[in-house]
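Engineer: Dropping a structure here in C-alpha cells format, bear with me for questions.
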C-alpha cells in the first residue's frame, strides 16, 4: 500500500518537499499546459491533506475550497492573487482585532464568538475577577 506522499511522487513529477520544489518547473507547466498544471496542483494538495488528522483535513479542505472559489471567480491570475491576498489580510486583521479585544479586557463581540468555532468543541469562558459573566449567544452549547 502506498502512503499519500508516495502516491504523490508517483502521480506527479514534482514533490512537496521544500528542498525539491521547483518553482520554474511549476511555472512552465502552468504556461504550457494549464489543464495538467491544475490536475498536478490538485494531486499535490490532496496528497498533503491526506497526511493530516481528519479533524484538520475538514478545516483545511474548507479553506482550500474557499481559495479555489476565489481563483475561479477571478478573471486573471493577477486578479486571483489580489483576491487571495485580501482573503489572507482579512483573516490576519480579524485575529489581530480579536487579540486586541482580549488584551484590553473587553467583551468579545458576538461576531467573533460565532465565527469558525462551530466544530463541536467546548469553548471555555474565562472571566476577570469582579466582572459579570458574559451572556452566551442563543444556540451555543450550554455545558
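Residue numbers (my numbering): -13 to 129. Yeah, the Cβ is synthetic: ideal placement off N, Cα and C, and Gly gets one too. Here the structure is a predicted model, which is why all the values come from computation and not from measurement.
(1) Going along the chain, which unbroken runs of the alpha helix (DSSP H) with 4 or more residues stay wholly within the stretch 6 to 35?
(2) If residue 47 and residue 35 are in contact, beta carbons under 8 Å, what's the gap, nearest whole angstrom?
(3) If I follow the unbroken alpha helix (DSSP H) through residue 56, where does it start and stop?
(4) Does the Cβ-Cβ distance between residue 30 and residue 23 come in under 8 Å?
(5) Assign residue 65 to one of three DSSP states: helix, strand, or coil.
(6) Does the count of Cβ pairs from the stretch 81 to 94 and the stretch 66 to 73 closer than 8 Å reach three?
(7) For residue 90, name the three-state secondary structure that DSSP assigns.
(8) Closer than 8 Å by C-beta to residue 50: which residues in its own chain qualify, once you throw out the five before and the five after it? Chain order, please.
(9) Establish whether the CB of residue 30 and some CB of chain C are separated by less than 8 Å.
(10) Please state whether DSSP places residue 37 in a helix, a strand or coil.
Structural biologist: Let's see:
(1) 9 to 18
(2) Stepping through the chain shown from its first residue, residue 47 is reached at position 61. Stepping through the chain shown from its first residue, residue 35 is reached at position 49. Between the beta-carbon of residue 47 and that of residue 35 there is about 6 Å, and that keeps the pair under the 8 Å contact cut.
(3) Indexing the chain shown from 1 puts residue 56 at position 70. Per DSSP, residue 56 belongs to the alpha helix (DSSP H) from 40 to 59.
(4) Residue 30 sits at position 44 when you count from the first residue of the chain shown. Residue 23 sits at position 37 when you count from the first residue of the chain shown. Not closer than 8 Å, so no.
(5) Looking up residue 65 in the chain shown gives position 79. Here residue 65 sits in helix by DSSP.
(6) The answer is no - the stretch 66 to 73 does not touch the stretch 81 to 94, with fewer than three Cβ pairs under 8 Å.
(7) Here residue 90 refers to the residue found at position 104 when the chain shown is read from its first residue. Helix, per DSSP.
(8) As a working note, residue 50 is residue 64 in the chain shown. Answer for residue 50: 31 and 35, listed in chain order.
(9) The structure shown has no chain C; it contains just one protein chain.
(10) Within the chain shown, the letter at position 51 stands for residue 37. Here residue 37 sits in coil by DSSP.
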